[in-house]
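Residue numbering for the sequence shown follows the numbering used here, beginning at 116 and increasing consecutively.
Ideal placement from N, C-alpha and C gives every residue a C-beta, glycine not left out.
The block underneath contains the structure these notes are about, expressed in structure tokens.
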Amino acid sequence: MNRKLQHLQKITAWILPIYAVMYYAALLLFPSAKIMISDVFSVLGELIALAVIAKSLSHQEKIHRLTWFITGAGVFFYMLGDVIWSIVELGFRREVPFPSVCDVFYLLSALTFVIGFFSYIRKQNTFLFMRTGFDVMIAMVVGATLIWKFELLPISADTTISTLEKLVSISYPILDLAFLGGILSLFFFFPLKIRLEKRNLLLCIAFLMMAVADQIYLTNVFQSYISGGLIDPLWPISILIIALASLYPNQQTNETHLLFPQPKEGTEIVPLNYLRLLLPYVGTSLLVFLASYEYLTKDPLIVGIILSGLLIMIRQVFTLLENQRLLALVQQTNRSLEESKKALEIQNTELKRLSQLSEHEAATDFLTGLFNRRYIYRILRSYAKQPGEDTAELAVLLIDVDYFKNINDTFGHEQGDIALRRVAHIIRANVRPNDTAGRFGGDEFIVIMPDADIDYIEMTAKTMVEKISELDLIDPAHSVSITASIGCTQWKGAVSDCDINRLIASADKALYAAKSGGRNCVHLTTI
Numbered sequence: 116m117n118r119k120l121q122h123l124q125k126i127t128a129w130i131l132p133i134y135a136v137m138y139y140a141a142l143l144l145f146p147s148a149k150i151m152i153s154d155v156f157s158v159l160g161e162l163i164a165l166a167v168i169a170k171s172l173s174h175q176e177k178i179h180r181l182t183w184f185i186t187g188a189g190v191f192f193y194m195l196g197d198v199i200w201s202i203v204e205l206g207f208r209r210e211v212p213f214p215s216v217c218d219v220f221y222l223l224s225a226l227t228f229v230i231g232f233f234s235y236i237r238k239q240n241t242f243l244f245m246r247t248g249f250d251v252m253i254a255m256v257v258g259a260t261l262i263w264k265f266e267l268l269p270i271s272a273d274t275t276i277s278t279l280e281k282l283v284s285i286s287y288p289i290l291d292l293a294f295l296g297g298i299l300s301l302f303f304f305f306p307l308k309i310r311l312e313k314r315n316l317l318l319c320i321a322f323l324m325m326a327v328a329d330q331i332y333l334t335n336v337f338q339s340y341i342s343g344g345l346i347d348p349l350w351p352i353s354i355l356i357i358a359l360a361s362l363y364p365n366q367q368t369n370e371t372h373l374l375f376p377q378p379k380e381g382t383e384i385v386p387l388n389y390l391r392l393l394l395p396y397v398g399t400s401l402l403v404f405l406a407s408y409e410y411l412t413k414d415p416l417i418v419g420i421i422l423s424g425l426l427i428m429i430r431q432v433f434t435l436l437e438n439q440r441l442l443a444l445v446q447q448t449n450r451s452l453e454e455s456k457k458a459l460e461i462q463n464t465e466l467k468r469l470s471q472l473s474e475h476e477a478a479t480d481f482l483t484g485l486f487n488r489r490y491i492y493r494i495l496r497s498y499a500k501q502p503g504e505d506t507a508e509l510a511v512l513l514i515d516v517d518y519f520k521n522i523n524d525t526f527g528h529e530q531g532d533i534a535l536r537r538v539a540h541i542i543r544a545n546v547r548p549n550d551t552a553g554r555f556g557g558d559e560f561i562v563i564m565p566d567a568d569i570d571y572i573e574m575t576a577k578t579m580v581e582k583i584s585e586l587d588l589i590d591p592a593h594s595v596s597i598t599a600s601i602g603c604t605q606w607k608g609a610v611s612d613c614d615i616n617r618l619i620a621s622a623d624k625a626l627y628a629a630k631s632g633g634r635n636c637v638h639l640t641t642i
């Protein structure tokens, strides 16, 4: 969220409680001016809400921008209704009749809010919206039946009011029922992660407050409703809450891809989870109870059918609870399997690492870190088996530390080991990445150099001899220079004709020639 939107969010969050306190305080402190206070404060609150929603549109996610534009239109319609109401009351000093043109804008606003609210819920998670649609419809049918029985039928049977009054009066509870359906959808049937978003909590509070205010208004409108009552602030306050909700970002749930998304362990409130599962059954059971009470003394057959249906629903509830228990066990098993899978993956990775380490140790000389004799022969055999052209080249360098036995006898094996490690370091530093350097045994080293011409072989060998001769083995009483002799052999021809044993023997002869020639030198031959 950018800083401008955060700043607007904080300002609106402060304006809302201040506005509510000032509105109610003014109504209580100045009862003689409550009509003017109600008209002015209502329009002011709606004007602020409209400005906030308009400002938030440029910061909305693209998927929700149309939804909040529709919601802003609903605020605008409601404000028009209040403006007309205020003009009639304050300008013409007349009581606003029921129904009036104001009710047209109020109902249009409520219808717009319903469209925007359900559009918002659908975009939260399309599959969840479809999945919970039947449960919501059951709850709405129960609510509609109760409203029909105890509110709409008495209104329609009232001979003292006109048909238009009946239609308008019926429209309010129907739209409030739609609000109820939206609230149930968002709060009871969506995952906890979605419900606890501030935006969604604020929307539920706002529309619930609006529905309650509508019902109180309808109860009093045909009796003695007077503008400026304590229910008047509820409408603009709920609209301001909607405006505040528009400033909070919508967090995307990671459950959109699941066929039956389930709450993660430790994230779901268990009583609320059961409540959302049992709500359709509880509501339907209430209707069944009322129906059986209605026909209790009229027709025992109908009562029996109703009670049988009620028992079937109770049985279904127990089945549902058992399924929830089994589902919880399946989820726990799945979590255990997932944890076991992760543990196995970790173990396999560790075993692979240990296997690689073991292979490396098996191919490496522990003292110098170079490859050992067995690995060197494996490399040489692999070169001999490779298909190649007639001009393929392969060189072998045998390196021997001069008078190494004297170093061990004079300075001890520990100093001898140090000398071997230093020689190995020089060899490693002067070979190419595709060359293979190893310890051939004792104080003897070997380098395999594929695709190297004779000049490069000679240059590399002489460089090694020069670098090794610069080494000093320092002892408290003596300082002894270290030298090495190198025998080089290059083989050139078809790879299939390469004789590994002959190649090693030729390099060994070249090394013997270097030692016979005075040591600390290079002798090069070809085969």
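Residue burial classification, K177 (beta-carbon count within 10 angstroms, cutoff 16)
exposed
Below 8 Å, how does it come out for the segment 118-135 and the segment 340-360: are there three or more Cβ pairs, yes or no?
yes
CA-CA distance, G198 and P269?
Checking the sequence, you will find Val at residue 198 rather than Gly. In a straight line, the C-alpha of V198 is about 31 Å away from that of P269.
Within its chain, find whatever has a CB closer than 7 Å to the CB of S621; leave out the 5 residues flanking it on each side and keep chain order.
T604, T640, I642
Among Y492, T575, G206, F555, which has the Cα closest to the Cα of F481?
F555
Straight-line CA distance for C636 to N463?
50 Å
Unbroken stretches of the alpha helix (DSSP H), 4 residues or longer, contained in the segment 520-554:
528-544
My guess is that V562 and I542 are in contact by the Cβ rule of under 8 Å, so how many angstroms apart are they, rounded?
7 Å
Please report the straight-line C-alpha distance between F80 and M325, rounded to a whole angstrom.
The shown model of the chain, from 116 to 642, leaves out residue 80, and the question about it has no answer.
Residues bridged to M564 (per DSSP)
A510
Just tell me which of S584, F519, K577, F433 has its CA closest to the CA of D558.
F519
Out of curiosity, what's the CA-to-CA distance linking I601 and A544?
16 Å
Please report how far the alpha carbon of D329 lies from the alpha carbon of M194, in whole angstroms.
16 Å
Ordered along the chain, which non-local residues of its own chain (more than five positions away) have a Cβ less than 6 Å from that of F220?
F192, L195, G196
For a quick check, are the C-beta atoms of S201 and V229 less than 8 Å apart?
no
For I152 versus L142, is the C-beta spacing smaller than 8 Å?
yes
In terms of alpha-carbon separation, which member of R209, K456, L618, I130 lies closest to L512?
L618
Give me the Cα-Cα distance between V167 and I346, rounded to the nearest whole angstrom.
23 Å
If you pair each beta-carbon of the segment 210-219 with each one of the segment 276-295, do three or more pairs fall below 8 Å?
yes
Nearest neighbour of D206, chosen from K413, D568, V155 [CA to CA]
Here the sequence assigns Gly to residue 206, which means Asp is not the residue at that position. Looking at the Cα atoms, V155 is the closest of the given residues.
Backbone CA spacing between E454 and Q446 [nearest angstrom]:
12 Å
Between the Cα of I289 and those of I320, P348, A225, spot the shortest distance and give me the residue it belongs to.
A225
Return the chain-ordered list of same chain residues with a C-beta closer than 7 Å to the C-beta of L374, the five sequence neighbours on each side being excluded.
Below a pLDDT of 50, predicted positions are generally treated as unreliable, and L374, at 34, falls in that range; the measurement from the model is reported next regardless. So the list is empty, once near-sequence residues are dropped.
Could you pull the start and end residues of the beta strand (DSSP E) that S600 belongs to?
599-607
Where does R118 land, buried or exposed, given buried means 16+ other C-beta within 10 angstroms?
exposed
Length of the line joining the Cα atoms of G396 and V432:
Looking at the sequence shown, residue 396 is not Gly but Tyr. The straight-line gap from Cα to Cα measures roughly 7 Å.
So the candidates are L123, L162, N521; which of them puts its Cα closest to the Cα of I361?
As written in the sequence, residue 361 is Ser, which differs from the Ile given in the question. For the residues L123, L162, N521, the minimum Cα distance to S361 belongs to L123.
Could you round the C-beta distance between I185 and S234 to whole angstroms and report it? I think they count as a contact, below 8 Å.
7 Å
Give the straight-line distance between the Cα atoms of T448 and F404, rounded to the nearest whole angstrom.
40 Å
Do N487 and G553 come within 8 Å of each other at the CB atom, strictly closer than that value?
yes
Element boundaries [alpha helix (DSSP H), containing V167]
149-171
When the Cα atoms are used, what is the spatial distance from K457 to S451?
10 Å
Roughly how many whole angstroms lie between the Cα atoms of Y627 and L472?
36 Å
For H638, count neighbouring Cβ atoms within 10 angstroms of its own Cβ and tell me buried if that reaches 16, exposed if not.
buried
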